[in-house]
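Shown next, in structure tokens, is the structure this report addresses.
2 protein chains.
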Amino acid sequence: MEYNKRSAVSTVPNAAPLRVGFIGLSYSKGWAIKTHYPAILQLSSQFQITALYSPQVDESLATIQHLKLSNATAFPTLETFAASSNVDMIVVSIQTLQHFSLLLPLIEHSKLNPNLRYLFVEWPLACTVDEAEKICAAAAQRGLQTIISLQGRKSPYVLRAKELISQGYIGEINSIEIAGNGGWFGYERPVKSPDFIYDMGNATDIVNTTFGHTIDILQYMCGSYFGRINSMIFNNIPQQEVVDEHGAPLGRKVKKSVPGHLLFQGTLLRGNVPVSCSIKGGKPTKKFTKNLVIDIHGTKGDLKLEGDAGFAEISNLVLYYSGIKSNDVNPNLNQTPTSNTHNPMPNNYDSGKELMEVYHLRNYNAVLGNIFRLYESIADFHFNTKKIPNLPSQFIMQGFEFEGFPTLMDALILQRLIDNVYRSHLIGSTLNVSNISQTI
Amino acid sequence: MEYNKRSAVSTVPNAAPLRVGFIGLSYSKGWAIKTHYPAILQLSSQFQITALYSPQVDESLATIQHLKLSNATAFPTLETFAASSNVDMIVVSIQTLQHFSLLLPLIEHSKLNPNLRYLFVEWPLACTVDEAEKICAAAAQRGLQTIISLQGRKSPYVLRAKELISQGYIGEINSIEIAGNGGWFGYERPVKSPDFIYDMGNATDIVNTTFGHTIDILQYMCGSYFGRINSMIFNNIPQQEVVDEHGAPLGRKVKKSVPGHLLFQGTLLRGNVPVSCSIKGGKPTKKFTKNLVIDIHGTKGDLKLEGDAGFAEISNLVLYYSGIKSNDVNPNLNQTPTSNTHNPMPNNYDSGKELMEVYHLRNYNAVLGNIFRLYESIADFHFNTKKIPNLPSQFIMQGFEFEGFPTLMDALILQRLIDNVYRSHLIGSTLNVSNISQTI
Numbered sequence: 002m003e004y005n006k007r008s009a010v011s012t013v014p015n016a017a018p019l020r021v022g023f024i025g026l027s028y029s030k031g032w033a034i035k036t037h038y039p040a041i042l043q044l045s046s047q048f049q050i051t052a053l054y055s056p057q058v059d060e061s062l063a064t065i066q067h068l069k070l071s072n073a074t075a076f077p078t079l080e081t082f083a084a085s086s087n088v089d090m091i092v093v094s095i096q097t098l099q100h101f102s103l104l105l106p107l108i109e110h111s112k113l114n115p116n117l118r119y120l121f122v123e124w125p126l127a128c129t130v131d132e133a134e135k136i137c138a139a140a141a142q143r144g145l146q147t148i149i150s151l152q153g154r155k156s157p158y159v160l161r162a163k164e165l166i167s168q169g170y171i172g173e174i175n176s177i178e179i180a181g182n183g184g185w186f187g188y189e190r191p192v193k194s195p196d197f198i199y200d201m202g203n204a205t206d207i208v209n210t211t212f213g214h215t216i217d218i219l220q221y222m223c224g225s226y227f228g229r230i231n232s233m234i235f236n237n238i239p240q241q242e243v244v245d246e247h248g249a250p251l252g253r254k255v256k257k258s259v260p261g262h263l264l265f266q267g268t269l270l271r272g273n274v275p276v277s278c279s280i281k282g283g284k285p286t287k288k289f290t291k292n293l294v295i296d297i298h299g300t301k302g303d304l305k306l307e308g309d310a311g312f313a314e315i316s317n318l319v320l321y322y323s324g325i326k327s328n329d330v331n332p333n334l335n336q337t338p339t340s341n342t343h344n345p346m347p348n349n350y351d352s353g354k355e356l357m358e359v360y361h362l363r364n365y366n367a368v369l370g371n372i373f374r375l376y377e378s379i380a381d382f383h384f385n386t387k388k389i390p391n392l393p394s395q396f397i398m399q400g401f402e403f404e405g406f407p408t409l410m411d412a413l414i415l416q417r418l419i420d421n422v423y424r425s426h427l428i429g430s431t432l433n434v435s436n437i438s439q440t441i
Numbered sequence: 002m003e004y005n006k007r008s009a010v011s012t013v014p015n016a017a018p019l020r021v022g023f024i025g026l027s028y029s030k031g032w033a034i035k036t037h038y039p040a041i042l043q044l045s046s047q048f049q050i051t052a053l054y055s056p057q058v059d060e061s062l063a064t065i066q067h068l069k070l071s072n073a074t075a076f077p078t079l080e081t082f083a084a085s086s087n088v089d090m091i092v093v094s095i096q097t098l099q100h101f102s103l104l105l106p107l108i109e110h111s112k113l114n115p116n117l118r119y120l121f122v123e124w125p126l127a128c129t130v131d132e133a134e135k136i137c138a139a140a141a142q143r144g145l146q147t148i149i150s151l152q153g154r155k156s157p158y159v160l161r162a163k164e165l166i167s168q169g170y171i172g173e174i175n176s177i178e179i180a181g182n183g184g185w186f187g188y189e190r191p192v193k194s195p196d197f198i199y200d201m202g203n204a205t206d207i208v209n210t211t212f213g214h215t216i217d218i219l220q221y222m223c224g225s226y227f228g229r230i231n232s233m234i235f236n237n238i239p240q241q242e243v244v245d246e247h248g249a250p251l252g253r254k255v256k257k258s259v260p261g262h263l264l265f266q267g268t269l270l271r272g273n274v275p276v277s278c279s280i281k282g283g284k285p286t287k288k289f290t291k292n293l294v295i296d297i298h299g300t301k302g303d304l305k306l307e308g309d310a311g312f313a314e315i316s317n318l319v320l321y322y323s324g325i326k327s328n329d330v331n332p333n334l335n336q337t338p339t340s341n342t343h344n345p346m347p348n349n350y351d352s353g354k355e356l357m358e359v360y361h362l363r364n365y366n367a368v369l370g371n372i373f374r375l376y377e378s379i380a381d382f383h384f385n386t387k388k389i390p391n392l393p394s395q396f397i398m399q400g401f402e403f404e405g406f407p408t409l410m411d412a413l414i415l416q417r418l419i420d421n422v423y424r425s426h427l428i429g430s431t432l433n434v435s436n437i438s439q440t441i
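Chains as they are written, first to last, in this note's numbering: chain D, 2 to 441; chain A, 2 to 441.
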């Protein structure tokens with residue numbers, strides 16, 4: 002089997018590190034301090050935080066002090082932050098609800114910074130497709146190389162599964178089943194979790210987050226968007242019991258307006274493959290099955306991805322493979338514009354052999370690891386670490402390529418799918434979504 | 002835990018056995034000789050074959066001779082067979098395609114037999130809902146107690162799961178996932194299998210058979226019909242490779258017009274429970290999951306039914322249970338008109354305890370066993386073996402009761418569901434099916 006598609010360990014580049022301006026990094030709380038910050042710290046030859054923006058400048062100063070960000074400046078206004086020429090890449094890690102109102106002026110003001118090249122935004126991109134399209138268009142018009150944190154694409158398990166599929170190790174995919182169980186949308190609400198994730202309209206619900214990441218990973222592994230889809234969305238748990246950090250009930254209930262369950266079924270465009278998917282909220286509790294299971298069946302073998310909680314993008318997984326490598330691999334699958342086309346092993350290596358593989362990294366920290374690998378892939382691209390000949394200076398979307406990273410265009414296409422998932426439920430129809438992957 | 006809902010071992014009745022007239026029993030081939038015949042043989046104090054009908058009377062005579070059916074007469078015409086007063090129960094085990102044209106005249110002519118009380122028909126009842134309704138109406142008008150071979154309801158695993166659910170051992174059901182893999186509708190066609198099952202219109206396709214039995218079992222266990230449903234039906238394998246009995250290809254391909262895969266999702270009426278279901282054809286091949294998996298999750302526990310092939314009604318299964326018995330059991334669930342309401346254990350027995358159970362009968366022959374138990378339940382009803390007070394002399398449908406057996410009305414309701422499954426696929430809509438369980 003070939004293992005050559007993995008992201009190589011980044012070497013120290015000869016050029017100066019990318020100067021990062023951060024929106025949403027706080028030393029004391031939030032997602033960025035647990036993920037983006039340690040990733041940047043581990044890639045200190047490639048990235049360096051040089052600017053922070055927060056309307057509360059005291060908070061930025063405290064973060065600079067606590068994290069010893071000696072090269073960083075705290076900007077009190079978006080205008081000055083966006084215009085600072087000491088920034089090559091802006092990272093935005095705030096509530097999705099604030100994305101649209103922040104990103105458009107940010108992109109506009111950044112026209113004064115000739116050095117800005119990269120814009121990295123957290124998933125979900127926006128609360129509506131319309132907002133996502135406007136953000137995408139503004140970033141494209143500004144000439145920025147964008148990145149979206151659909152970091153599940155960088156999971157080593159996902160990449161290994163994608164390798165096995167694309168190299169013919171399970172033959173042609175003929176059916177897929179997904180069942181996920183996880184998230185904050187069940188019977189209990191941790192007292193410390195923020196209220197906004199339980200209200201509709203903030204794009205933080207189970208469809209946007211749990212399903213969004215999972216189905217992005219599935220499409221990426223299989224190299225196909227969807228053709229037809231149908232969905233049913235449930236809020237069977239309209240009230241949650243508030244619990245403390247040990248799970249003990251605090252004796253009060255609160256309303257929840259976001260769904261607690263999604264049923265989704267559809268067909269992959271490539272091969273008209275049936276896909277069955279059930280994603281539910283609530284703490285992982287299943288006794289006889291893992292809380293995340295992705296079963297991919299092919300004419301020559303099977304792949305299974307399992308995790309303890311229904312978040313494929315931030316969970317450590319186990320990948321099981323069993324099958325017989327087929328000869329009739331679609332050669333186009335391995336050809337991607339940004340990939341290194343030098344392939345040390347011929348495609349028919351292993352042909353006809355019955356093979357089995359269990360792939361698991363016992364101590365892999367997926368919460369940090371997948372974000373780390375996303376930063377690594379940005380560095381690989383920027384410094385051309387893999388010495389890919391004729392590497393373009395910019396690309397619009399990753400699509401299903403091994404190399405590169407997902408962009409705002411990949412995010413927009415996924416948001417269109419999620420929009421159709423809600424629409425299918427609301428109008429009670431199976432929908433044709435085969436046209437949602439066009440770029441703008 | 003209570004185990005009192007099982008069908009009791011039938012005791013020898015004081016009355017004479019039910020005299021069975023059989024259509025479709027051949028000593029040399031078919032389904033009946035493997036299932037109905039040994040069931041009747043094992044219940045020889047309760048059932049006795051007294052008549053056979055086939056237009057080929059030689060075949061009936063050969064079957065009588067080979068099986069030593071010393072009390073049986075071979076009837077050369079449907080009229081004389083139907084009119085014979087030496088028959089209490091007629092069993093019909095022939096191709097579904099022939100049901101409608103045979104059953105209507107059979108019921109009509111049977112008016113000359115004052116002793117006829119039972120009509121037992123193989124599932125599927127008919128090729129269309131319209132035909133099924135006409136058969137049901139004719140049997141009801143004739144005053145017959147009907148039986149349909151939805152024998153999965155008699156599987157000991159299904160009944161044990163139904164007990165656990167109805168007695169509150171998993172709390173309230175909140176989600177269900179089903180994945181089945183089995184049947185003749187995959188890449189290969191055994192050379193000996195009859196061609197008609199691969200052609201549309203014969204009601205022998207994966208939706209009518211594999212899905213029909215499985216979803217009937219699910220509804221029965223959960224005590225609920227469906228509210229909304231959506232389906233997608235695939236024939237991604239329009240040609241099959243003909244193989245010999247050892248699975249070796251014979252070098253020719255044949256056309257297949259029936260589907261090879263069904264995606265189904267819906268909501269149980271009771272509790273608006275999301276149900277995800279994927280049923281595919283082809284020989285069982287899955288490596289990392291069983292070929293039949295029914296996962297039922299509740300607020301207090303989980304149930305899993307597993308089998309080696311995707312035929313819940315004829316497979317030996319394993320039932321896994323884990324949970325905490327809740328106090329708040331719906332008391333109506335255990336109350337059924339024909340059930341023995343004497344309950345030796347109070348409902349709150351086991352309450353609050355964390356329990357686990359694996360239920361498996363290593364040598365259980367499910368192909369025969371479930372049909373045997375169906376005959377046993379007919380005998381239980383006819384002879385009132387369980388001494389149920391005020392047992393009615395007839396009932397229209399079993400519905401979700403423990404006692405009794407499924408009838409043609411149960412079959413008709415299931416055929417309406419299957420009809421809607423096809424319709425949902427064809428028109429691309431989620432359908433409301435909450436009104437299909439009305440009787441005629």
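C-beta atoms are modelled at their ideal positions from N, C-alpha and C, and glycine is treated no differently. Here the structure is a predicted model, which means the values were calculated and not measured.
DSSP-derived helix/strand/coil call for threonine 431/D: Here residue 431/D refers to the residue found at position 430 when the first sequence is read from its first residue. It is coil, neither helix nor strand.
Below-8 Å beta-carbon distance, glutamate 178/D vs any chain A residue: As a first step, residue 178/D is located in the first sequence; it is residue number 177 there, counting from the start. Taking 8 Å as the CB threshold, glutamate 178/D lines the interface with chain A.
Applying the criterion that 16 or more other CB atoms from any shown protein chain within 10 Å of the CB defines a buried residue, is glutamine 220/A buried or exposed? As a working mapping, residue 220/A is identified with position 219 in the second sequence. That one is buried.
Alanine 17/D: buried (16+ other C-beta within 10 angstroms of its C-beta) or exposed? In the first sequence, the residue the question calls residue 17/D occupies position 16. Exposed, because fewer than 16 other Cβ atoms sit within 10 Å of the Cβ of alanine 17/D.
Measuring CB atoms only, is the stretch 130 to 144 of chain A touching the stretch 152 to 171 of chain A, in the sense that at least three cross pairs come out at less than 8 Å? Verdict: no, contact absent.
Between Ser150/A, Gln99/A, Glu173/A, which has its C-alpha nearest asparagine 371/A's C-alpha? Residue numbering aside, residue 371/A sits at position 370 when the second sequence is read from its first letter. Checked all of Ser150/A, Gln99/A, Glu173/A; the closest Cα to asparagine 371/A is Ser150/A.
Measure from the alpha carbon of threonine 147/D to the alpha carbon of each residue in Asn436/D, Thr431/D, His383/D, then state which is nearest. As a first step, residue 147/D is located in the first sequence; it is residue number 146 there, counting from the start. Looking only at Asn436/D, Thr431/D, His383/D, the smallest Cα-Cα distance to threonine 147/D is reached by His383/D.
Indicate whether glycine 272/D and phenylalanine 401/D have their beta-carbon atoms separated by less than 8 Å. Against the first sequence, residue 272/D aligns to sequence position 271. Against the first sequence, residue 401/D aligns to sequence position 400. No, the pair does not count as a contact, with Cβ atoms beyond the cut-off.
Once DSSP output is grouped into helix, strand and coil, what is the label at asparagine 15/A? Along the second sequence, one-based indexing puts residue 15/A at 14. Here asparagine 15/A sits in coil by DSSP.
Lysine 301/D to serine 435/A span [Cα, whole Å]: To locate residue 301/D, count along the first sequence from 1; it is residue 300. To locate residue 435/A, count along the second sequence from 1; it is residue 434. One C-alpha to the other measures close to 41 Å.
Give the straight-line distance between the Cα atoms of alanine 63/A and phenylalanine 101/A, rounded to the nearest whole angstrom. The sequence position of residue 63/A within the second sequence is 62, counting from 1. The sequence position of residue 101/A within the second sequence is 100, counting from 1. Going by C-alpha positions, alanine 63/A is about 27 Å away from phenylalanine 101/A.
Can you tell me whether alanine 180/D is buried or exposed, with buried defined as 16 or more other CB within 10 angstroms of its CB? The sequence position of residue 180/D within the first sequence is 179, counting from 1. By the neighbour-count rule (16 or more Cβ atoms within 10 Å), alanine 180/D is buried.
Is there at least one Cβ from chain D nearer than 8 Å to valine 434/A's Cβ? Residue 434/A sits at position 433 when you count from the first residue of the second sequence. The beta carbon of valine 434/A sits no closer than 8 Å to any beta carbon of chain D.
Cα separation between alanine 140/A and leucine 120/A? Numbered from its first residue, the second sequence carries residue 140/A at position 139. Numbered from its first residue, the second sequence carries residue 120/A at position 119. Approximately 8 Å between the Cα atoms of the pair.
Kindly say whether phenylalanine 212/A, judged by its beta-carbon, lies nearer than 8 Å to any beta-carbon of chain D. Residue numbering aside, residue 212/A sits at position 211 when the second sequence is read from its first letter. With a threshold of 8 Å between beta carbons, phenylalanine 212/A makes no contact with chain D.
Exposure of tyrosine 350/A, with buried meaning 16 or more beta-carbon neighbours within 10 Å: As a working mapping, residue 350/A is identified with position 349 in the second sequence. Burial call: exposed.
Compare the C-beta of serine 258/A with all C-beta atoms of chain D and state if any pair is closer than 8 Å. Counting from one through the second sequence, the residue named residue 258/A turns up at place 257. Chain D, which has no Cβ nearer than 8 Å to the Cβ of serine 258/A, makes this no.
Using 8 Å as the limit for Cβ to Cβ distance, is glycine 1/D near chain A? A query on residue 1/D cannot be resolved here, the shown segment of chain D reaching from 2 to 441 and no further.
Chain D contact residues for threonine 268/A, given Cβ-Cβ distances below 7 Å: Taking the second sequence and counting its residues from 1, the one referred to as residue 268/A is at position 267. Here the neighbours are Met233.
Minimum Cβ-Cβ distance from glycine 429/D to chain B less than 8 Å: You won't find chain B in this structure, because its protein chains are D and A.
Classify asparagine 421/A: buried if its beta carbon has 16 or more other beta carbons within 10 angstroms, exposed otherwise. What you label residue 421/A is simply residue 420 of the second sequence in a count that begins at 1. Buried is the call here.
Report the three-state DSSP secondary structure of lysine 155/D (helix, strand or coil). Taking the first residue of the first sequence as position 1, residue 155/D is located at position 154. If DSSP states are grouped into helix, strand and coil, lysine 155/D belongs with the helices.
Under a three-way DSSP split, which group does isoleucine 437/A fall into? The count along the second sequence starts at 1 and reaches residue 437/A at position 436. Here isoleucine 437/A sits in coil by DSSP.
Please confirm whether threonine 290/A has its beta-carbon closer than 8 Å to some beta-carbon of chain D. As a first step, residue 290/A is located in the second sequence; it is residue number 289 there, counting from the start. Yes - at least one Cβ of chain D is within 8 Å of the one on threonine 290/A.
Quick one: using the 10 Å Cβ neighbour count with 16 as the cut-off for buried, is glutamine 1/A buried or exposed? What the structure shows of chain A is the stretch from 2 to 441, and residue 1/A is not part of that stretch, so it cannot be assessed.
Nearest-angstrom Cα separation, counted from glutamate 404/A out to threonine 51/A: Within the second sequence, numbered from 1, the residue matching residue 51/A stands at position 50. Within the second sequence, numbered from 1, the residue matching residue 404/A stands at position 403. Taking the straight line from one Cα to the other gives about 27 Å.
What does DSSP give as the partner residue(s) for glutamate 355/A in the beta ladder? The residue given as residue 355/A occupies position 354 in the second sequence. Under the DSSP definition of a beta bridge, glutamate 355/A partners with Ile325/A.
Contacting residues, own chain, Cβ-Cβ under 6 Å from leucine 104/A (five flanking each side not counted): Translated into the one-based positions of the second sequence, residue 104/A becomes position 103. Only residues of its own chain outside the window of five on either side were considered, and among them Ile136 have a CB closer than 6 Å to the CB of leucine 104/A, listed in chain order.
Applying the criterion that 16 or more other CB atoms from any shown protein chain within 10 Å of the CB defines a buried residue, is lysine 291/A buried or exposed? Taking the first residue of the second sequence as 1, we reach residue 291/A at position 290. By the 10 Å Cβ count, lysine 291/A comes out buried.
Any C-beta of chain A sitting closer than 8 Å to the C-beta of histidine 361/D? The residue given as residue 361/D occupies position 360 in the first sequence. Chain A, which has no Cβ nearer than 8 Å to the Cβ of histidine 361/D, makes this no.
So with CB distances below 7 Å, who are the chain D contacts of serine 61/A? The count along the second sequence starts at 1 and reaches residue 61/A at position 60. Simply none; closest approach about 44 Å.
Is the shortest distance between the beta-carbon of tyrosine 321/A and the beta-carbons of chain D less than 8 Å? The sequence position of residue 321/A within the second sequence is 320, counting from 1. Yes, its Cβ sits closer than 8 Å to a Cβ of chain D.
Can you look up valine 208/D in the DSSP assignment and give me helix, strand or coil? As a first step, residue 208/D is located in the first sequence; it is residue number 207 there, counting from the start. Collapsing the DSSP output to three states places valine 208/D in a helix.
Alpha-carbon to alpha-carbon, leucine 126/D and proline 106/D: What you label residue 106/D is simply residue 105 of the first sequence in a count that begins at 1. What you label residue 126/D is simply residue 125 of the first sequence in a count that begins at 1. Approximately 15 Å, taken between the alpha carbons.
Over what stretch of residues does the alpha helix (DSSP H) that includes threonine 64/D continue unbroken? Locating residue 64/D in the first sequence gives position 63, counting from the first residue. In the DSSP assignment, threonine 64/D falls within the unbroken alpha helix (DSSP H) covering 58 to 67.
Indicate the three-state DSSP secondary structure (helix, strand or coil) for lysine 1/A in the structure shown. Here chain A has residues from 2 to 441 only, and residue 1/A is not among them.
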